[in-house]
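Peer 1: Using the numbering used here, you'd call the opening residue of the sequence shown number 33 and step up by one each time. Even glycine gets a Cβ: it sits at the ideal position worked out from N, Cα and C. Just so we're clear, the structure is a prediction, and the values are computed from it rather than from any experiment. Below you'll find the structure I mean.
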Amino acid sequence: MRCRVQPVEGSAVSAISYVEPRTPSVHEQLTVSRLLEERLLRTSLVAGDGELLTRQIAWCLPWDQVIDGDDDLAAILVYAHGSQLDPFGLKSIERRGASALVVCGETVVEP
33 MRCRVQPVEG
43 SAVSAISYVE
53 PRTPSVHEQL
63 TVSRLLEERL
73 LRTSLVAGDG
83 ELLTRQIAWC
93 LPWDQVIDGD
103 DDLAAILVYA
113 HGSQLDPFGL
123 KSIERRGASA
133 LVVCGETVVE
143 P
């Protein structure tokens with residue numbers, strides 16, 4: 033819920049009003065492409081299909097929080113350290129539809 037806090041003139045009290053959520057415009061929606069524009073990620077190596085860059089991201093979760101679950105990961109970016117990756121886990125997050133996987137550190141996954 034979003035609220036707007038405004039001071040009431042001549043009083044130490046503030047008025048709080050509910051603000052209707054709005055759907056972000058196409059230019060405001062976070063996508064993998066927009067995330068890669070961030071300075072920290074600009075030099076990232078990107079692997080994926082042609083749709084990868086246009087996938088929307090609504091939330092980011094760590095590998096260890098999603099790996100044991102079976103929840104849908106649509107619009108979720110999963111982040112992990114290279115040492116955490118394993119073939120079973122990679123297949124799991126792919127099957128569950130994660131928007132992207134961001135990996136830091138060295139990455140070696142044996143089949």
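1. Cβ atoms of L109 and V78: under 9 Å apart, would you say?
2. Which of the three DSSP states is assigned to V98 in this structure?
3. With a threshold of 6 Å on Cβ separation, who are the neighbours of M33 within its own chain once the five nearest residues in sequence on each side are excluded?
4. Assuming L122 is part of the alpha helix (DSSP H), what are its boundary residues?
5. So what does DSSP say about T75, is it helix, strand or coil?
Peer 2: Quick answer:
1. Counting from 1 along the sequence shown, the entry for residue 78 is found at position 46. Counting from 1 along the sequence shown, the entry for residue 109 is found at position 77. No. Outside cutoff.
2. For the purposes of this step, residue 98 is taken as residue 66 along the sequence shown, with counting starting at 1. V98 falls in the helix class under three-state DSSP.
3. Start at 1 with the first residue of the sequence shown, and residue 33 comes out as number 1. Below a pLDDT of 50, predicted positions are generally treated as unreliable, and M33, at 47, falls in that range; no measurement from the model is reported.
4. For the purposes of this step, residue 122 is taken as residue 90 along the sequence shown, with counting starting at 1. Unbroken alpha helix (DSSP H) run through L122: P119 to R127.
5. As a first step, residue 75 must be located in the sequence shown, where it is residue number 43. It is coil, neither helix nor strand.
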